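Notes follow once the structure below has been shown.
Protein chains in written order, with the working numbering: chain A, 1 to 88; chain B, 1001 to 1088; chain C, 2001 to 2140; chain D, 3001 to 3140.
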């Protein structure tokens, strides 16, 4: 029998998000091979209340490329959550 | 009896003009207390053929200020001949 | 040459690296940790980066610059970790035959680092407080 | 700080002088003797100036910059005499809180030095020839 949660997506987090969530990686269990960014977002906002606050905006980088569209990802993708940047 | 040439105006020259005329100062004898830039120009072009050639353009600086108008100067003014510049 | 580093940025070394006998102009930008923000005295800044992605983007910026301007050398380095007031956080240097290109390319470089590189900073105040700087959404 | 000098320009010293803990940005321009002109290989350049007038104009430019941009420090130095390939002929450095001002002020500084300062250069070629560079009419 297949387990309910086959795979874990790892999401890199940085800056204020890393600090608030006290981890540089968030783990998301997924049932399927792939999952959409919208689904990830929904999951994150449900399980990490900090991320559902209005003041924290973010986008995803998939394999070091910002993706604004709702693409599907798998556990082999490098996924990162990018809050507003302030380098320089 | 007053001498014909009372005073001498000194004109500073630089760069290619200094080199061609083999001097960093040109002396112009004047009869009057003051003389106009146009008169100086006329004198220079007459006595320094190099300066009447078309390819050498110049303006005057009087007391370190460029004067494009035909002002009068005296021997107490600092007069310089400024050919095209190429600093930097 | 582009990089992200934890080490102190050696300006003189970079000026030497930019030197090129066929170039007539060098333009050089350094970002420095200021002793204040809009409200408070600042003691230092902690910089954090998504390093691998920053390197990808710096490479892209370098390529865009080589494509758009006729330049000889391009250097962009961003430092991360804890920096004290007066220390250099970022440096962008360009050498080229003529100054216009060097100014434009250098300015493009730092503008795009600020707009596109996933780097975050947290100011450590003299008061003992610290605060992540509210940034801008990445525009990559 | 503005000046005209016969001495080698010490970039590091100038970078130190531009440093200011309240400034977030430093922009720095250097003009360097190139190894070629449009036709020939160049070995060095002889610079000559109407020194007292150059100093007056550099002071004016400094004043215009302080009036037009909110900057912290401004340095402009032009060297004269014989310079070999690779040596710095002119340096303009600006520090300010924000980079936009520093870029604009630095660029204004060098543009105006080139347009307004009575300085002349003669290129010494590898061939042994030498030639005064055809300049532009002074625009002061």
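Just so it is clear, CB atoms sit at the ideal spot from N, CA and C, and this is done for glycine as well. Computed from a prediction, not measured in an experiment: that's the story for all the values here.
**Item:** Nonlocal neighbours in the same chain, by C-beta distance under 6 Å from residue 7/A, ignoring five residues either side
**Value:** 30, 75
**Item:** Outcome for residue 1013/B when other beta-carbon atoms lying within 10 angstroms are tallied against a minimum of 16
**Value:** buried
**Request:** Could you tell me whether the Cβ of residue 1060/B comes closer than 8 Å to any Cβ of chain D?
**Result:** no
**Item:** Identified DSSP bridge partners for residue 2047/C
**Value:** 2081/C, 2121/C
**Message:** By the DSSP assignment, the alpha helix (DSSP H) with residue 3100/D in it spans what residues?
**Reply:** 3099-3116
**Prompt:** For the 8 Å Cβ check, are there 3 or more pairs between the region 68-88 of chain A and the region 10-28 of chain A?
**Reply:** yes
**Request:** For the region 3024-3035 of chain D, enumerate the residues whose C-beta is nearer than 7 Å to any C-beta of chain C, in chain order.
**Result:** 3024, 3025, 3026, 3027, 3028, 3029, 3030, 3031, 3032, 3034, 3035
**Message:** With H, G and I counted as helix, E and B as strand and the rest as coil, what does DSSP make of residue 1017/B?
**Reply:** helix
**Request:** Reducing DSSP to helix, strand and coil, say where residue 3057/D ends up.
**Result:** For residue 3057/D, the secondary structure class from DSSP, reduced to helix, strand or coil, is helix.
**Prompt:** With respect to the alpha helix (DSSP H) encompassing residue 84/A, which residues constitute its N-terminal and C-terminal limits?
**Reply:** First-last for residue 84/A: undefined, no H or E at that position.
**Message:** Quick check: what's the CA-CA separation for residue 26/A versus residue 3031/D?
**Reply:** 51 Å
**Request:** Determine, using beta carbons only, whether residue 3119/D comes closer than 8 Å to chain B.
**Result:** yes
**Prompt:** Using a C-beta cutoff of 8 Å, does residue 2071/C count as contacting chain D?
**Reply:** no
**Prompt:** When DSSP labels each residue in this structure, what does residue 2129/C get in the three-state scheme?
**Reply:** Coil.
**Item:** chain A contact residues for residue 2134/C, given Cβ-Cβ distances below 8 Å
**Value:** 84, 86
**Message:** For residue 3117/D, which residues in the same chain have their Cβ closer than 6 Å to its Cβ, ignoring the five residues on either side in sequence?
**Reply:** 3054, 3057
**Request:** Could you work out which residues of chain G lie near residue 1012/B, taking near to mean beta carbons separated by less than 8 Å?
**Result:** This model lacks chain G altogether, as its protein chains are A, B, C and D.
**Request:** Sort 71/A, 69/A, 59/A, 64/A by Cα distance to residue 2137/C and report the nearest one.
**Result:** 59/A
**Request:** Would you please verify whether the beta carbon of residue 3053/D is less than 8 Å from any beta carbon of chain B?
**Result:** Cβ-Cβ to chain B under 8 Å: yes for residue 3053/D.
**Request:** Starting from residue 45/A, find everything on chain C with Cβ-Cβ shorter than 7 Å and list it in chain order.
**Result:** Going along chain C, no residue has its Cβ under 7 Å from residue 45/A, so there is no contact; the nearest lies around 18 Å.
**Request:** Might you give, ordered along the chain, the residues of its own chain that have their beta carbon closer than 6 Å to the beta carbon of residue 2072/C, omitting 5 neighbours on each side?
**Result:** 2020, 2023, 2095, 2096
**Asked** What residues from chain C crowd round residue 3085/D, counting only those whose CB sits closer than 8 Å?
**Response** 2021
**Request:** Let me know the secondary structure DSSP gives residue 1031/B once reduced to three states.
**Result:** DSSP places residue 1031/B in the coil class of the three-state scheme, outside both helix and strand.
**Request:** Write down the C-beta distance between residue 3013/D and residue 3080/D rounded to the nearest angstrom, noting that I regard them as a contact closer than 8 Å.
**Result:** Wrong, their Cβ atoms sit about 19 Å apart, outside the cutoff.
**Message:** Between the alpha carbons of residue 1/A and residue 47/A, how many angstroms are there, rounded?
**Reply:** With a pLDDT of only 45 at residue 1/A, under the threshold of 50, the placement of this residue in the model should not be trusted, and no figure is reported.
**Message:** Looking only at its chain, what residues have a beta carbon closer than 7 Å to the beta carbon of residue 24/A, apart from the 5 residues adjacent to it on each side?
**Reply:** 12, 13, 18
**Request:** Taking residue 3102/D and residue 3027/D to be in contact with their CB atoms under 8 Å, please state how far apart those CB atoms are, rounded to whole angstroms.
**Result:** 4 Å
**Item:** Beta carbon proximity, residue 3103/D to chain C, threshold 8 Å
**Value:** yes
**Item:** Three-state class that DSSP yields for residue 2096/C in the structure shown
**Value:** strand
**N- and C-terminal bounds of the alpha helix (DSSP H) containing residue 1052/B** = 1049-1052
**Prompt:** Where does residue 40/A sit, in a helix, a strand or coil, going by DSSP?
**Reply:** helix
**Item:** Segment contact, 8 Å Cβ cut-off, at least three pairs: the region 1034-1049 of chain B with the region 1060-1071 of chain B
**Value:** yes
**C-beta neighbour in chain C for residue 3110/D, strict 8 Å** = yes
**Prompt:** Mapping DSSP to helix, strand and coil, what is residue 2067/C?
**Reply:** helix
**Prompt:** If you draw a straight line from the alpha carbon of residue 2038/C to that of residue 42/A, how long is it in whole angstroms?
**Reply:** 36 Å
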